[in-house]
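Let me begin by presenting the structure, written as structure tokens, before commenting on it.
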Amino acid sequence: MFRQRLSFVAGLTAAGLIAAPFILPYLGFTPTTINRILVWGVFGIGFDILFGFTGLLSFGQSAFFGTGGMVAAYLLTIINLPYVMAALVIGTIIAGIFGYLVGMIALRRTGIYFAMITVAIAEVFFFVEFNPLSAYTGGENGLPGVPSPSLYLGFTTINFNSDKSLYTFLAFWFFIGMVIALRIVRSPVGAVLRAIRDNPLRATAVGHNIHGYKLTAFVVAAAYAGFAGGLLGVMQGFMPPDAFMFDTSGQLVMQTAIGGAGTLLGPLLGATVWLYLSDFLQTTLQLGAAWKLVLGVIFVLLVCFLRRGLIGGIEDLHAWLMGGRKKGEPAVDKTLTNMTLNEEKAAKDAIAFEPVSAAMPARHRAGDPKSGIILEARALTKRYGGLVANSDIDFKVRHGERRGIIGPNGAGKTTFFKMLTCEVPPTSGQIIFEGRNITGLIVTDVCQLGLSKSYQINQLFNRLTVRENLTIAALADLRGKFRLDLFRDLRSISGLDERVSHTLDLINLTGRVDTPVSALAYGEKRRLEVGLALATNPKLLLLDEPLAGMSPRERIETVALLKSIGQGRTMVIIDHDMDSLFELVESVTVLQEGRVLVEGTPAEIKGNAKVQEAYLGGMHDALAAE
Amino acid sequence: MVNWPNFISQCFNGLVLGALLALISSGLTIIYGTLGILNLAHGAMFMLGGYAGWLTYSYTGSFIAAVIAGSLFVMIVGVLVERIIIRHFYSRPHEDQLLVTFGLGICFVELVRFFFGSLSKSVPAPLAGITSLGFMFYPTYRLALLGIVAVALLVLYVVLYRTRIGMIVRAGIEDSVMVDSLGIDVYKVFMLVFGIGAMAAGFAGIINAPVVSIAPDVGEAILVQTFVVVVIGGVGSFPGAVLGGLIAGEIISITSMFNPGYSYVMLFVAMTLVLVLRPYGLLGTAGRE
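Chains A and B, in that order, give the protein sequences. Note that the first sequence ends on residue 668 in the numbering used here; no numbers are left out. Note that the second sequence ends on residue 297 in the numbering used here; no numbers are left out.
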């Protein structure tokens, strides 16, 4: 859906909104139901940005729905503010402010904790509205007499006071809400939100301040909720107190899950199904209170069997009906892989003669003619309880150097890397990067300074494509760790396309650019893992076992790639494959039992008796004695 | 001025409510700790226990029979739910687990509403009357309730900390994959834990029925309070659930003495304080998301 142009989706939405009042009544929808669906649709757009795109499942949206609605209704009824739109906007802003405050607390934790905290906070809003603030909110009576909106055109005034005219009013605002959401989703912020949903750890590690972005999504969702709450009051001419109830949040969650999260239109579809069935079961089938039971059962079945909601189901059905194409897919895949392999060979040959990076030397900072020490670790120590993972490591890397780190399993190599990138704090010691003490910084800031790492175990954004993965990493460097360019088109960011295609070249995935990560081969994923670190344009690149788990052929190819990546770059590589590593680096540090055993050129290390002993135990002596 | 007898009696009420919350929350927390699933239908389990007990009571007239039937019924429901539905959600994302248990909760509530209506039902207290504590009079059943819950918590403690199965459960809380690879059928343990956890809520539901009458949505408020308890105490921690329960119970009762409308606000203030000062809860440990 998001590959299509914005104007296309917006146009489709507009067409649907225009057609709906002509079609839906024939299917048994009453005008009030149709209007109600739109209110839930607006509410749901914001929620989908929070849940579908950022992966934060809140069960407390009623707090903002109620707040926005009550503020607007209060202004219109008790204060007698004559401007409906102004009241709606003020309600929206206040809901957004509450969203900010609540987000500050709820986002201290993630996952189920986040869900529980949002439930608890929403309940507080409900009780406060009902009891201490009942003088302003009408308590259990709500606020009646909310005026309907009107539009003054100079010569005449349009009153939106009938169901049909209200539909125009609501549909207009749904459309505006949809367009704004589409812009947000396609902005750099939208890309980062999806990255947070897929892999918050990596989104942090490539240099995004994910807390800020999560808070942004939370505030956006709260503002949409507040606006929808205002619309509800205006639509009914009455602001009901049950907008604050847990049931409201629950209904929103269920409608979104039924329609399909992560689609923006899903909540609208879900609301259509929900409200239609509730009307149908109660009025036509005379089920009385049992309607909710039926809907509950339908919901549970949907969650069990149709994971991606109705829209996801429709997409799957479409793919299944296009079975012919699907059958052919493996074949296409094969040719593609062969093609990739051929390309790899070609690239390898090309690398041998003309390094890729030499073609674009301006793209990385390491090209600056700097010399001296870029990174220094002083007496770095890490203890886990009684276990000493790293002990008194002194380590220096020069600008432009390619360094290898080897050591038997458990020597503390990965822990050492994690300390260098500030993922884990050292027990004692210091880390100096470009003359600056970075000890105690957070991983995001370290990455922003130009120190980036590829992981030993792939940490990718699995639901996104190769291009989206690299885009997310590149954005961290091009935009900084936090920026609120909510409405900026991703494509308008200068240097982004070049950075992505340059990185694609370096890791040789150009042919797989629009493939989702989940469909990549293992070797390709490993290369993308390196690519994510590379796309942040680091001054110093740390690679933690880039060759781990690769087949011999993949290794040869990857070594060639790493060679070309290494041109003019400063790199530190951990690997167990010594033959490959010695080909890549100029000098080697050997770690053993958390200490530096020896440092030297590959040739020196190969011949070093201590190193052989570290790997082979006492075998060296035995061999020497023979 | 503070009315002291009233204050002390509210403290007692807080203790009773706190003990109940502790029991319900420990059910929720051992399920989460072991299975990694936050059971949003936990409130519905509390409600089901109340209704099963009420139904038994109205046929037999025996409160003891009601307690036994209520607890067993909820345990069976828990085991069946785990076997039929929850089991298929272990490998699915947290969000799906929340959605499905939320949906199940609604189904249970609406099912009960369908059969028994929305009007509240009450079970008479088995120990009527009031007891003199020397300095004040207090309803006898509430005093007994305190004892019953204390015994129930003790039983849960003994099962968790002094038996082989409890050791497996606690090991499962630490690392269920490891337990699995030791040759212990984790899924059987999961089923049992879900049953026991649900039973804790169901048991609380029936023994609380003489104090607060039952209605289909009685579990909803309890569920929210349970969340606060678990956040305060630390997710997955049994002692944390007990401590958190008592704190929450006292906060609600003492605030209600001044203005019931603020009891949730105070609960929320306490939760926020804990989140700011000790993000993993008073007795929780890091790394449990």
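Beta carbons: idealized from backbone N, C-alpha and C, even for Gly.
- Taking 8 angstroms as the cut-off between beta carbons, the residues of the segment 339-350 of chain A near chain B are Val339, Phe341, Val342, Val345, Cys346 and Arg349, in sequence order.
- It is roughly 36 angstroms from the alpha-carbon of Leu570/A to the alpha-carbon of Val194/B.
- The beta carbon of Val345/A sits closer than 7 angstroms to those of Ala299, all from its chain and outside the five residues before and after it, given in chain order.
- Comparing C-alpha distances from Asn21/B to each of Ala136/B, Ser261/B and Gly252/B shows the shortest one belongs to Ser261/B.
- Legend: CB atoms of the segment 101-126 of chain B lying less than 9 angstroms from CB atoms of chain A belong to residues Pro101, His102, Glu103, Asp104, Gln105, Leu106, Leu107, Val108, Phe110, Gly111, Leu112, Gly113, Ile114, Cys115, Phe116, Val117, Glu118, Leu119, Arg121, Phe122, Gly125 and Ser126.
- Chain order gives no chain A residues near Tyr59/B, where near means a beta carbon separation below 7 angstroms; the closest approach is about 15 angstroms.
- Unbroken beta strand (DSSP E) stretches of 3 residues or longer found wholly inside the segment 99-160 of chain B: 138-140 and 145-147, given in chain order.
- Taking a Cβ-Cβ threshold of 7 angstroms, none of the residues of chain B is close to Arg597/A; the smallest such distance is about 30 angstroms.
- Shown here for Ser245/B: same chain residues with a beta carbon closer than 8 angstroms to its own, the five before and five after excluded, namely Thr37, Gly41, Gly289, Leu291, Gly292 and Thr293 in chain order.
- For Val238/B, the neighbours in chain A by C-beta distance under 8 angstroms run, in chain order, Met158.
- Within the DSSP secondary-structure output, Arg478/A pairs in a beta bridge with Phe475/A.
- Of all residues in the segment 265-277 of chain B, only Asn267, Pro268, Gly269, Tyr270, Ser271, Tyr272, Val273, Leu275 and Phe276 come within less than 8 angstroms of chain A when Cβ atoms are compared, listed by chain position.
- Interface flag for Ile79/A against chain B is unset, since no Cβ pair is found closer than 8 angstroms.
- Between the alpha carbons of Leu63/B and Ala332/A lies a distance of about 21 angstroms.
- Counting C-beta pairs with one atom in each stretch, the segment 233-243 of chain A and the segment 499-510 of chain A have three or more that are closer than 8 angstroms, which means they touch.
- The C-alpha of Gly108/A lies about 19 angstroms from the C-alpha of Met158/A.
- Against chain B, a Cβ distance below 9 angstroms from Ala213/A picks out nothing, because the smallest value is about 29 angstroms.
- Here Thr486/A really is in contact with Gly249/A; their C-beta atoms are around 6 angstroms apart, less than 8 angstroms.
- Residue-level contact check: Gly180/A does not touch chain B, since none of the beta carbons of chain B fall below 8 angstroms from its beta carbon.
- Close to chain B, meaning a Cβ-Cβ distance shorter than 9 angstroms, are the following residues of the segment 281-299 of chain A: Phe288, Asp289, Gly292, Val295, Met296 and Ala299.
- Not a single C-beta of chain A is nearer than 8 angstroms to the C-beta of Ile94/B.
- Between the segment 458-469 of chain A and the segment 479-497 of chain A, the count of C-beta pairs closer than 8 angstroms reaches three or more; the two stretches touch.
- By DSSP's assignment, Met613/A forms a beta bridge with Arg444/A and Leu583/A.
- Beta-bridge annotation (DSSP): Met592/A is not paired with any residue.
- Chain-ordered listing is empty here: chain B has no CB closer than 7 angstroms to the CB of Pro467/A, the nearest sitting near 13 angstroms.
- A distance below 6 angstroms between beta-carbons, with the five flanking residues on each side excluded, links Ala152/B to the following residues of its chain, in chain order: Leu135.
- Cβ atoms of Val262/A and Gly88/A come within 8 angstroms of each other, at about 6 angstroms.
- The C-alpha of Ile72/B is placed about 27 angstroms away from the C-alpha of Arg170/B.
- Annotation note: the segment 259-327 of chain A contains the following uninterrupted alpha helix (DSSP H) runs of length 4 or greater, listed N- to C-terminal: 288-301 and 308-321.
- Spanning the alpha carbons of Thr148/B and Val75/B requires a straight line of approximately 18 angstroms.
- Shown here, Leu290/B sits in coil according to DSSP, grouped into three states, outside any helix or strand.
- For Glu228/B, the nearest beta carbon of chain A is closer than 8 angstroms to its own beta carbon.
- For Thr507/A, the pairing in a beta bridge is given by DSSP as Pro558/A.
- Sequence-distant Cβ neighbours of Leu224/A in its own chain, meaning closer than 8 angstroms and more than five residues away, are Leu48, Val51, Ala52 and Leu306.
- When Cβ-Cβ separations below 8 angstroms define contact, Pro13/B makes no contact with chain A.
- At a cut-off of 8 angstroms, the C-beta of Met55/B has no neighbouring C-beta in chain A.
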